[in-house]
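Below is one structure, written out as structure tokens; comments come after it.
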Amino acid sequence: MKISVIGCGYLGAVHAASMAHLGHEVVGIDVDEARVATLAAGVAPFHEPGFDALLQENLPRLRFTTDMSAVKDSTVHFIAVGTPQAANGSADMTYVNQAVESLAHHLSPGDLVVGKSTVPVGTATTLAEIIAPTGAMLMWNPEFLREGFAVEDTLSPDRLVYGLPEGDRADEARDLLDTVYEAILAQGTPRLLVNYATAELVKVAANSFLATKISFINAMAEIADVTGANVTQLADAIGHDNRIGRRFLNAGIGFGGGCLPKDIRGFVARAEELGVGESLAFLKDVDDINLRRRRRVRTILEEELGDLSGKRIALWGLAFKPDSDDIRDSPALDIGESLARAGAIVTAFDPAAHGPASRRVTAAGLQDSILFAESPADAATGADGIVVATEWGVFRDQNPEAIAPLVNTPLVVDGRNCLPESQWKAAGFTYRGMGRS
Ligand code: UDX
Numbered sequence: 001m002k003i004s005v006i007g008c009g010y011l012g013a014v015h016a017a018s019m020a021h022l023g024h025e026v027v028g029i030d031v032d033e034a035r036v037a038t039l040a041a042g043v044a045p046f047h048e049p050g051f052d053a054l055l056q057e058n059l060p061r062l063r064f065t066t067d068m069s070a071v072k073d074s075t076v077h078f079i080a081v082g083t084p085q086a087a088n089g090s091a092d093m094t095y096v097n098q099a100v101e102s103l104a105h106h107l108s109p110g111d112l113v114v115g116k117s118t119v120p121v122g123t124a125t126t127l128a129e130i131i132a133p134t135g136a137m138l139m140w141n142p143e144f145l146r147e148g149f150a151v152e153d154t155l156s157p158d159r160l161v162y163g164l165p166e167g168d169r170a171d172e173a174r175d176l177l178d179t180v181y182e183a184i185l186a187q188g189t190p191r192l193l194v195n196y197a198t199a200e201l202v203k204v205a206a207n208s209f210l211a212t213k214i215s216f217i218n219a220m221a222e223i224a225d226v227t228g229a230n231v232t233q234l235a236d237a238i239g240h241d242n243r244i245g246r247r248f249l250n251a252g253i254g255f256g257g258g259c260l261p262k263d264i265r266g267f268v269a270r271a272e273e274l275g276v277g278e279s280l281a282f283l284k285d286v287d288d289i290n291l292r293r294r295r296r297v298r299t300i301l302e303e304e305l306g307d308l309s310g311k312r313i314a315l316w317g318l319a320f321k322p323d324s325d326d327i328r329d330s331p332a333l334d335i336g337e338s339l340a341r342a343g344a345i346v347t348a349f350d351p352a353a354h355g356p357a358s359r360r361v362t363a364a365g366l367q368d369s370i371l372f373a374e375s376p377a378d379a380a381t382g383a384d385g386i387v388v389a390t391e392w393g394v395f396r397d398q399n400p401e402a403i404a405p406l407v408n409t410p411l412v413v414d415g416r417n418c419l420p421e422s423q424w425k426a427a428g429f430t431y432r433g434m435g436r437s
């Protein structure tokens, strides 16, 4: 089938290459000429395991352009543009609206437009009215991909959610998307048929649940810190109950990235617009608990070192999670900036995120106090404290006996509770975890 994907950011680029992998002829459209040129050359514009190979293998069935009229040969059109956070916390719908208005000029009767972007509930109904005069149909088909597992999550998702139009065209729309996802459905992937509002809500509800789970365990970490309990053992113990589950119960410096923080804020803003703000008031607490985690690291350093002015801090990790170069709303980078503003000299190392991080550091005018190191050991040399802010395997695997002679003060703050505590203590370090000291 001929498919277009509008918006070639993280979601769209992976989706386009994955659809080509399924055997479809795909054109990816983006307004960013540099991004289009990079993708057309078979180069991934971001760090994502397996994406380079997927892109290169499927280039014969993939085309990228800035010209929207290139969609006219396609039957199915995926909308995968970004919905960044606006100043008031709501989702900024500028790119979605522009994409659909521009796409509408090139649609033919019987075409199917499939929304994948994360949008405020109610959006699909409005967009369906815009495209109705063209004779095309609209479905909402949220994605749940995790960075670091984007290819796997796209090609072998936990479930497919189809938000169908009301009325007699629902079957036609469903059958078209079934044809696109034939190979995925053949793996036995569950497919849920729902209405527009449910499909839109599934995405934000799932992310709100995950965010709540993380903030719940971080709230327990706050309690553990004043009672002498160990939050990791607590998570292990409650996680054995299948109704609770152990995943997403890792306490630490909290969640970041391009989805969880913005999605919960956008959801709260939308609920308030709908007059049901009270229903999601708890998500403000979830957000507050999460942001407090970033401040906790600085508090621990001050408890151990006093005034941070002139102190050298090694920052292990900058990306919001391992296996990613994404620094959007990254707790790690926020902590680095806050320490630099407190007068510390921060020496950072991240296996993937130096490029985007150094651009943000320069834009913030902090390039003299946040420096970039060649390795974890290089960052730790002369340090008064090491902060582990992203749980990359390379940090977990460091030998504390080899790091100990390099540092000025043997202090490690394990912001992700990912280091082998006893080994670091045996090497002479003061070990401070999150909710376990
Ligand atoms: C998330 C959702 O998981 C995904 O389904 C959705 O499509 C997009 O948003 P992603 O942003 O890639 O995916 O990150 P995720 O793996 O969910 O992690 C989010 C943040 O939570 C990271 O900063 C991570 O470090 C943090 N986290 C995760 C914790 O602090 N503790 C945990 O136990 C798990």
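Sequential numbering from 1 applies to the sequence shown in our numbering. In this text, a Cβ means the ideal position worked out from N, Cα and C, and glycines have one as well.
Pair within 8 Å by beta-carbon distance, residue i and residue j
i      : j      : result
THR66  : GLU33  : yes
VAL297 : ILE253 : yes
PHE395 : GLY317 : yes
VAL14  : LEU145 : yes
GLN23  : PHE64  : According to the sequence displayed, residue 23 carries Gly and not Gln. Taking 8 Å as the Cβ cut-off, GLY23 and PHE64 do not qualify as a contacting pair.
ALA136 : PRO109 : yes
VAL5   : PHE78  : yes
ALA235 : ILE217 : yes
GLY257 : LYS321 : yes
PHE349 : PRO331 : no
ALA340 : ASN88  : no
ASN290 : PHE255 : yes
LEU160 : LEU210 : no
LEU301 : LEU308 : yes
ALA404 : GLY385 : no
THR38  : PRO45  : yes
VAL388 : VAL361 : no
ASN417 : ASN250 : yes
TRP140 : ALA124 : yes
Limits of the alpha helix (DSSP H) - the one that residue i falls within
i      : result
GLU101 : 94-104
THR227 : 196-227
ARG247 : Where ARG247 is concerned, there is no enclosing alpha helix (DSSP H), given that its DSSP letter is neither H nor E.
THR381 : Careful: THR381 lies outside any alpha helix (DSSP H) and carries neither H nor E.
SER422 : 421-426
ARG159 : From DSSP, ARG159 is part of no alpha helix (DSSP H); its letter is neither H nor E.
ILE253 : First-last for ILE253: undefined, no H or E at that position.
ARG360 : 354-363
ILE130 : 123-131
ILE238 : 231-239
LEU138 : No alpha helix (DSSP H) holds LEU138; the beta strand (DSSP E) holding it covers 137-140.
ILE403 : 400-403
Pairwise C-alpha distance: residue j and residue i
i      : j      : result
ALA16  : THR189 : 20 Å
GLY199 : ARG436 : Reading the sequence as shown, one finds Ala at residue 199 and not Gly. Cα to Cα, the separation comes out at about 39 Å.
GLN56  : GLY82  : 24 Å
ILE130 : ALA104 : 8 Å
LYS203 : GLU25  : 27 Å
ALA357 : THR390 : 14 Å
LYS213 : GLU143 : 20 Å
LYS311 : ASP368 : 14 Å
ASP175 : LYS116 : 18 Å
VAL114 : LEU201 : 16 Å
ALA20  : ILE313 : 46 Å
ALA438 : LEU112 : Past the edges of the chain, shown from 1 to 437, lies residue 438, and the structure says nothing about it.
ASN408 : TYR431 : 15 Å
LEU185 : ALA319 : 34 Å
GLU272 : LYS262 : 15 Å
GLY433 : LEU305 : 16 Å
LYS2   : VAL76  : 7 Å
ALA40  : LYS72  : 19 Å
GLN233 : GLY239 : 10 Å
GLY9   : ARG35  : 8 Å
ALA86  : ASP329 : 14 Å
Contact with chain D by residue i, beta-carbon distance below 8 Å
i      : result
VAL194 : Any reference to chain D falls outside this structure, which holds one protein chain only.
Residue span of the beta strand (DSSP E) that contains residue i, given as start and end
i      : result
LEU371 : 370-372
ALA70  : Element bounds for ALA70: n/a, residue is neither H nor E.
THR430 : 430-432
ASP449 : The chain is shown from 1 up to 437; residue 449 falls before or after that span and cannot be answered.
THR347 : 345-349
ALA314 : 312-316
ARG63  : 62-65
GLU25  : 25-29
HIS4   : Reading off the sequence, residue 4 comes out as Ser, not His. 2-6 is the span of the beta strand (DSSP E), which, as asked, contains SER4.
PHE78  : 76-79
ILE327 : Premise fails: ILE327 is in no beta strand (DSSP E) and is neither H nor E.
Ligand 3 heavy atom lying under 7 Å from the CB of residue i
i      : result
ARG169 : Questions concerning ligand 3 fall outside what the structure shown contains, since the ligands it does hold are ligand 1.
Quiz item: Per the contact definition of three or more C-beta pairs closer than 8 Å, is the segment 175-182 in contact with the segment 208-225?
Solution: no
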